[in-house]
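Take a look at the structure below.
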Amino acid sequence: MYHPAGARQKDVSTRLIKPTLPDINTNIVLDLVTNWNSAWEVDGGISIYDEGIAQYLLTDMQSHEKFFAALILRKPSLRCRITNEEPKDVLDEERGNRFTFHGHDTGALSEAQLKQLEFLKDVLRRRGYRFEN
0 MYHPAGARQK
10 DVSTRLIKPT
20 LPDINTNIVL
30 DLVTNWNSAW
40 EVDGGISIYD
50 EGIAQYLLTD
60 MQSHEKFFAA
70 LILRKPSLRC
80 RITNEEPKDV
90 LDEERGNRFT
100 FHGHDTGALS
110 EAQLKQLEFL
120 KDVLRRRGYR
130 FEN
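Numbering-wise, numbering that gives the first Met the number 0 puts 63 at position 64 of the sequence shown, and it's gapless, one number per residue.
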């Protein structure tokens, strides 16, 4: 596996990863669930910031989307790339830990997809998050 010079990576429990962006694109997340590539669990493609308190902040939208797909798929841990730049925690600071779903009209989703999204909501609710829709 190729590691760019200076890139730091770490295996991180999905329980310790914290979202920072309030929008969840269901089109992309459900597509990632359907087309999950097991290499994503070890390639460091998910970017996090280490707060130094056993909590890791997701830093970009693509990392959030893969993280949400990993939660639906019940992945216990992911190999993540650690960045030095702390992201703004929009989800907490501006949205009061409330997510908004975008993408599919729920009428266009299969029963299995609806169950996957309900499972994701349940996991995130247990972590203290709420939902606009």
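Cβ coordinates follow ideal geometry from the N, Cα and C atoms, glycine included.
Buried versus exposed, by CB contacts within 10 Å (16 or more), residue i
i, result
"H63", "buried"
"A69", "buried"
"S158", "For the chain, the structure presents residues 0 to 132; residue 158 sits outside this window and is missing."
"K65", "buried"
"L113", "exposed"
"I142", "Here the chain has residues from 0 to 132 only, and residue 142 is not among them."
"T25", "buried"
Close Cβ partners of residue i (< 6 Å) along its chain, the five nearest in sequence each way excluded
i, result
"D88", "T19"
"R78", "Q8, D10, V41 and G43"
Neighbourhood of residue i by C-beta, 8 Å cutoff - its chain only, sequence neighbours within 5 removed
i, result
"R7", "R80 and I81"
"T58", "T19, S46, I47, Y48, T82, E84 and P86"
Spatially closest choice to residue i from the options, by CA coordinates
i, options, result
"I71", "G51, D30 and T99", "D30"
"R14", "N34, E85, S76 and N24", "S76"
"K120", "N36, A38, F67 and D91", "F67"
"Q115", "D91, E131, T33 and W39", "T33"
"F98", "R125, N36 and I23", "I23"
"S37", "L56, R73 and I27", "R73"
"R129", "A111, F100 and D104", "F100"
"G102", "V28, R94, E50 and E131", "V28"
Three-state secondary structure (DSSP) of residue i
i, result
"H101", "strand"
"A4", "Bear in mind that the predicted position of A4 carries a pLDDT of just 46, short of 50, making it unreliable; the figure below should be weighed with that in mind. Coil at A4, not helix or strand."
"K17", "strand"
"S37", "helix"
"N132", "coil"
"T25", "helix"
Spatial neighbours of residue i in its chain, beta-carbon cut-off 7 Å, leaving aside the 5 residues before and after
i, result
"G127", "N96"
"P21", "V89, L90, R94, R97, F98 and T99"
"Q54", "L15 and K17"
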